[in-house]
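Trainee:
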Amino acid sequence: GYSFGHYCLASLMLVTSGTGILLTVGLVFIFFRRRLKTAIRGGKKECVPLKITQSPPITAIIPCYLPNEQFIIEETVNWIMKEVESPGQLTVLVVYNTPHDIPDAEAKLAQMQERTDWPHGRVFKARRVRDSKSKSANLNAAWAETADEYVVIYDADHHPDPRSLLLLVEKMIRKDVAAVQGSVYIRNVQQNQFGCNPCSCPCLGRIIDAEFFWDFFLQRLAMRTVV
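Residue numbers for the sequence shown follow the UniProt record's numbering, beginning at 1 and rising by one.
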């Protein structure tokens, strides 16, 4: 007869197979659903009217480790300031730390802070947290400076969808909740598909995109169901 170990191994293989099937079905569903929606809309993104009756001021906090992100932070700030829609006055606050001075990058942030021609009268601030050695310390420093009721946190490489902030605020007000979180997708998923560089990973963008899909659409849904 079969021993207890055989049954345990068979059960483990069954669970693993079931998880693989669930992931495959989910990926196929998302793949075709997105493309079907895009085809129906003629290639245009869906624009759902939102019912936002309030215009609260919002602070967008961007924690940044400047040595790693000095070459992308300006692009991120410009994107948020110019492209992201907000129901009320928007202030973007970059809180960064660095173990050594980076004159060019810090001078650029200071120059951007002095600008008064940002769209819709938006305000940009940059603060160096000198005793910080972590992202959490940067965020704690930002909390001390933020008085707005609504706060959104972006990473230094985020390019939020233009209407994403409207969706988040609308859901917070409609659901009367203290916090909401958006999903993440890779914007350059079509790049680095079959690179010839031996130091690069083929299909890297799709691998990372699949990781985020597993996290946001499967794992968190399962956790919410269990809890």
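All C-beta atoms in this analysis are idealised placements derived from N, C-alpha and C, irrespective of residue type, glycine included.
Pull the bridge partners of R128 from the DSSP assignment, please.
Mentor: Y96
Trainee: Leaving out the 5 sequence neighbours to the left and right, which residues in its chain are closer than 7 Å to A110 when beta-carbon positions are compared?
Mentor: A126
Trainee: Consult DSSP for A107 and reduce its assignment to one of helix, strand or coil.
Mentor: Helix.
Trainee: When the distance is taken between beta carbons, is P63 closer than 8 Å to V95?
Mentor: yes
Trainee: Taking F71 as the reference, which of I52, P87, V84 and I102 has the closest Cα?
Mentor: Minimum Cα distance to F71 is reached at I102.
Trainee: Ignore the nearest five residues each way along the sequence and tell me which others in D148's own chain have a CB closer than 8 Å to its CB.
Mentor: P56, P57, I58, T59 and T91
Trainee: H120: which of T98, S86, E114 and A141 sits nearest, CA to CA?
Mentor: Closest option to H120, Cα to Cα, is S86.
Trainee: Which first and last residues belong to the beta strand (DSSP E) in which A179 is found?
Mentor: Looking at the DSSP string, A179 is not in any beta strand (DSSP E), and its letter there is neither H nor E.
Trainee: Express the C-alpha separation of I207 and residue 230 in angstroms, rounding to a whole number.
Mentor: Residue 230 lies beyond the residue range present for the chain, which begins at 1 and ends at 227; the question has no answer from this structure.
Trainee: Taking 8 Å as the cut-off, decide whether the C-beta atoms of I52 and V169 are in contact.
Mentor: yes
Trainee: Can you tell which of F213, K171, H159 and R163 has its C-alpha closest to the C-alpha of R187?
Mentor: When each option's Cα is compared against that of R187, the closest is H159.
Trainee: Taking the C-alpha atoms as reference points, what is the distance between G88 and D155?
Mentor: 21 Å
Trainee: By the three-class DSSP mapping on this structure, what secondary structure does A60 have?
Mentor: strand
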